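S.K.: Heads up: take any position in the sequence shown, counting from 1, add 6, and you land on the numbering used here. Ideal Cβ positions, reconstructed from N, Cα and C, are used throughout, including at glycine. Quantities reported herein were computed from a predicted structural model and do not represent experimental measurements. First, the structure itself, so that you have it in front of you.
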Amino acid sequence: MAIQAPEGTKDLLPGEAQYWEDFKRIAADIFARYGYALIDTPIFEQTELFVRGIGEATDVVAKEMFQTLSGENLKKLIAGDPVKSKSRLSLRPEGTAGVVRAVVQHDLVPQGAPPTKLMYAGQMFRAERPQKGRQRQFNQIGVECLGAEAPSVDAEVIIMLMRFFEAIGIPTALTHLLINSLGCDECRPLYREKLYSYLKDNAAHLCDECLRRAETNPLRAFDCKNPACATAMENAPKMTDCLCASCKEHHEQVKSYLDASEITYTQESRLVRGLDYYTRTVFEVQVSEGLGSQNAIGGGGRYDKLAEEVGGRPTSGLGFALGYERCVLALQATGFEFPPACVCDAFIACVDTTVQGVAFSLLQALRDAGLNCEMDHQNRSLKSQFKLADKLKATLVFILGPDEVQSGKVKVRNMETHAEELLDLAEILQADSKEEVIKNIRRYDSIWQDKKPIS
Ligand code: AMP
Numbered sequence: 007m008a009i010q011a012p013e014g015t016k017d018l019l020p021g022e023a024q025y026w027e028d029f030k031r032i033a034a035d036i037f038a039r040y041g042y043a044l045i046d047t048p049i050f051e052q053t054e055l056f057v058r059g060i061g062e063a064t065d066v067v068a069k070e071m072f073q074t075l076s077g078e079n080l081k082k083l084i085a086g087d088p089v090k091s092k093s094r095l096s097l098r099p100e101g102t103a104g105v106v107r108a109v110v111q112h113d114l115v116p117q118g119a120p121p122t123k124l125m126y127a128g129q130m131f132r133a134e135r136p137q138k139g140r141q142r143q144f145n146q147i148g149v150e151c152l153g154a155e156a157p158s159v160d161a162e163v164i165i166m167l168m169r170f171f172e173a174i175g176i177p178t179a180l181t182h183l184l185i186n187s188l189g190c191d192e193c194r195p196l197y198r199e200k201l202y203s204y205l206k207d208n209a210a211h212l213c214d215e216c217l218r219r220a221e222t223n224p225l226r227a228f229d230c231k232n233p234a235c236a237t238a239m240e241n242a243p244k245m246t247d248c249l250c251a252s253c254k255e256h257h258e259q260v261k262s263y264l265d266a267s268e269i270t271y272t273q274e275s276r277l278v279r280g281l282d283y284y285t286r287t288v289f290e291v292q293v294s295e296g297l298g299s300q301n302a303i304g305g306g307g308r309y310d311k312l313a314e315e316v317g318g319r320p321t322s323g324l325g326f327a328l329g330y331e332r333c334v335l336a337l338q339a340t341g342f343e344f345p346p347a348c349v350c351d352a353f354i355a356c357v358d359t360t361v362q363g364v365a366f367s368l369l370q371a372l373r374d375a376g377l378n379c380e381m382d383h384q385n386r387s388l389k390s391q392f393k394l395a396d397k398l399k400a401t402l403v404f405i406l407g408p409d410e411v412q413s414g415k416v417k418v419r420n421m422e423t424h425a426e427e428l429l430d431l432a433e434i435l436q437a438d439s440k441e442e443v444i445k446n447i448r449r450y451d452s453i454w455q456d457k458k459p460i461s
């Protein structure tokens, strides 16, 4: 049997691979308006980074990491010899830990400097059970803002995320923004205690996993999909009722900035998100169509302790990650199709094989001038060449026959209007920019004056 792609992975075929490039460009254009610059960190990092940064007890670290070793170290491990901690590597399950590691390593936020705003795009890896909207290799775009504590920055990041979803065409009516605050080192431990007692008091209604979570990270009990646990958690104490004065003030201000920007959101006290590093603001965007249970298309929050966890000086930070594949599923639910992989500006058709040499020179001249061009390389009949031009959705077809070549001309057909003109071949061959070619075509052509044959 032919070898298939590994379970939970997906090939991005030409139309989609091109769209992924467009998707990243739209994100980079929008995020640049907010001051974000691209960063690209390794796809694998020391396992220790994720253990310290994301948290040992999280599902992502405890169950879902693809850990990797070089061949030499694998042999050592099998032989029972020690493998250095720095040689134990993992494919990145998310982007934040790697970016914060890079910020600390390269001192990108020197003391007293303005915030550093970074964005990334690329593959993440989690050994989850694959299902619709949940893959083992998936693409994320994310941003991280390091060195900013102000609530206006939290609001700015959330607004930027919502603007991006709008820009790619996910209808605002289908998106739901949930926000919450998880407090800080001062108020969260007290809340944890309260929640722990609640979980213990309600142990009879909770699943074994939630009882385990009560010991390691009680907040995660809010994420349990078990209906009995969800019901039991409805009356659990709320973090927002236990915030200290400064976290409360921060949270209220984030919301007032969102209100002022007319961003609709729901305050959701059960929103805890899966990773340990969050402090204060957390948020998630869900869609109501196309995704089933994996309905979160993006989310993030503040992580004021993370830089210290990975060995840096105290540096506040926040960010989000959005999932490319889930955005595509949400778009497809509204009828979206991938744009054509390649745009064909012009196709060169040969009446017979004697003109193929001139056609080849014309093809290269048009390509050198910046047009996307194609010709037949399989000696097809003229009729079949036109069929091919149709299939490629060519805007123009240049038709070359022995008579045209003899008189130094080429016939050009506009495939939309079917208008045809005879153009001077030498002028086109000499044109050295797309604009010049277009000008040459238009100069001869009264019919196309007000049309746009080539975009
Ligand atoms: P997270 O890093 O878990 O906060 O995820 C951020 C976003 O990445 C989610 O909202 C999803 O859109 C996407 N995502 C997370 N895990 C997966 C996965 N296994 N497969 C596809 N997309 C994912």
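Hey, quick one: how far does the beta strand (DSSP E) through L402 stretch, first residue to last?
M.R.: L402 to L406
S.K.: Is the distance from the Cβ of K138 to the Cβ of Q300 below 8 Å?
M.R.: yes
S.K.: At 4 residues or longer, what runs of the alpha helix (DSSP H) sit wholly inside the region 87-114?
M.R.: Those alpha helix (DSSP H) runs which fall completely within the region 87-114 and span 4+ residues are 102-111.
S.K.: Could you pull out every residue in the same chain whose Cβ sits closer than 7 Å to the Cβ of Q141, ignoring the five residues on either side in sequence?
M.R.: G14, T15, K16 and E331
S.K.: From which residue to which residue does the alpha helix (DSSP H) around I49 run?
M.R.: Run containing I49: none; DSSP gives neither H nor E here.
S.K.: Rounding to the nearest angstrom, what Cα-Cα distance links S461 and V67 in this structure?
M.R.: Residue confidence is low: S461 scores 48 on pLDDT, short of 50, so the model does not pin down where it sits. No coordinate-derived value is stated.
S.K.: Expressed to the nearest angstrom, what Euclidean distance is found between the alpha-carbon atoms of M168 and I147?
M.R.: Computed Cα separation, rounded: 13 Å.
S.K.: Express the C-alpha separation of E51 and V361 in angstroms, rounding to a whole number.
M.R.: 57 Å
S.K.: Run through DSSP, which three-state label would N446 get?
M.R.: In the structure shown, N446 sits in a helix (DSSP, three-state: H, G or I).
S.K.: So I56 and S96 are in contact, right, with Cβ under 8 Å, and what is the actual spacing, rounded?
M.R.: Per the sequence presented here, residue 56 reads as Phe, with Ile not at that position. Confirmed, about 6 Å.
S.K.: Which first and last residues belong to the alpha helix (DSSP H) in which N79 is found?
M.R.: In this chain, the alpha helix (DSSP H) harbouring N79 covers G77 to I84.
S.K.: CB-CB under 8 Å to P136, same chain, minus the five flanking residues each way: which ones, in chain order?
M.R.: E13, G14 and R142
S.K.: Alpha carbon to alpha carbon, how far is L264 from M166? Give it in angstroms, no decimals.
M.R.: 11 Å
S.K.: Suppose you measure from the CA of Q10 to the CA of L19; what does that come to, to the nearest Å?
M.R.: 14 Å
S.K.: According to the Cβ coordinates, are G307 and L324 closer than 8 Å?
M.R.: yes
S.K.: Taking Cβ positions, are I434 and V416 nearer each other than 8 Å?
M.R.: yes
S.K.: For L368, which residues in the same chain have their Cβ closer than 8 Å to its Cβ, ignoring the five residues on either side in sequence?
M.R.: I354, F404, L406, V416, L431, I434 and L435
S.K.: Extract the residue ranges of the alpha helix (DSSP H) inside the region 284-344, only unbroken runs of 4 or more that lie entirely within it.
M.R.: 312-315 and 330-338
S.K.: Exposed or buried, what is I444 when buried is set at 16 or more other beta-carbons lying within 10 Å of its beta-carbon?
M.R.: A residue is called buried once 16 or more other Cβ atoms fall within 10 Å of its Cβ, and I444 is buried on that count.
S.K.: When the Cα atoms are used, what is the spatial distance from I453 to D396?
M.R.: Bear in mind that the predicted position of I453 carries a pLDDT of just 48, short of 50, making it unreliable; the figure below should be weighed with that in mind. Cα-Cα distance, rounded: 21 Å.
S.K.: Does DSSP put L124 in a helix, in a strand, or in coil?
M.R.: In the structure shown, the three-state DSSP call for L124 is strand.
S.K.: Would G189 and R286 qualify as a contact pair, given that the criterion is a beta-carbon distance under 8 Å?
M.R.: yes
S.K.: If contact is defined by three or more beta carbon pairs under 8 Å, each pair taking one atom from either stretch, is the region 20-30 in contact with the region 61-76?
M.R.: The way I'd put it, the region 61-76 doesn't touch the region 20-30; fewer than three beta-carbon pairs between them come closer than 8 Å.
S.K.: Do the CB positions of Q34 and M125 come within less than 8 Å of each other?
M.R.: According to the sequence shown, residue 34 is Ala rather than Gln. Yes, they are a contact pair.
S.K.: Using a Cβ-Cβ cutoff of less than 6 Å, which residues in the same chain neighbour G128 once the five nearest sequence positions on both sides are dropped?
M.R.: Here the set comprises nothing.
S.K.: Can you tell me whether DSSP reads T64 as helix, strand or coil?
M.R.: Coil at T64, not helix or strand.
S.K.: Give me the DSSP bridge partner(s) of S187.
M.R.: T287
S.K.: When DSSP labels each residue in this structure, what does D282 get in the three-state scheme?
M.R.: Under the three-state reduction of DSSP output, D282 falls in the coil class, being neither helix nor strand.
S.K.: To which residues does DSSP link R419 through a beta bridge?
M.R.: V403 and E426
S.K.: To the nearest angstrom, how far is it from the Cα of S438 to the Cα of F37?
M.R.: At residue 438 the sequence reads Asp, which differs from the Ser that was named. Rounded to the nearest angstrom, the two C-alpha atoms are 35 Å apart.
S.K.: Relative to the C-alpha of A400, which candidate in G414, V418 and P408 has its C-alpha closest?
M.R.: V418
S.K.: Rounded to the nearest angstrom, how far is the Cβ of S267 from that of A154, given a contact under 8 Å?
M.R.: Actually they are not in contact, since the Cβ atoms of S267 and A154 sit about 17 Å apart, beyond 8 Å.
S.K.: For E380, collect the residues of the same chain with a Cβ closer than 7 Å to its Cβ; drop the 5 residues on either side in sequence, then sort them by chain order.
M.R.: C350, F353 and L398
S.K.: Please state the DSSP three-state secondary structure of Q273.
M.R.: strand
S.K.: Could you tell me the alpha carbon to alpha carbon distance between C193 and L205, rounded to whole angstroms?
M.R.: 19 Å
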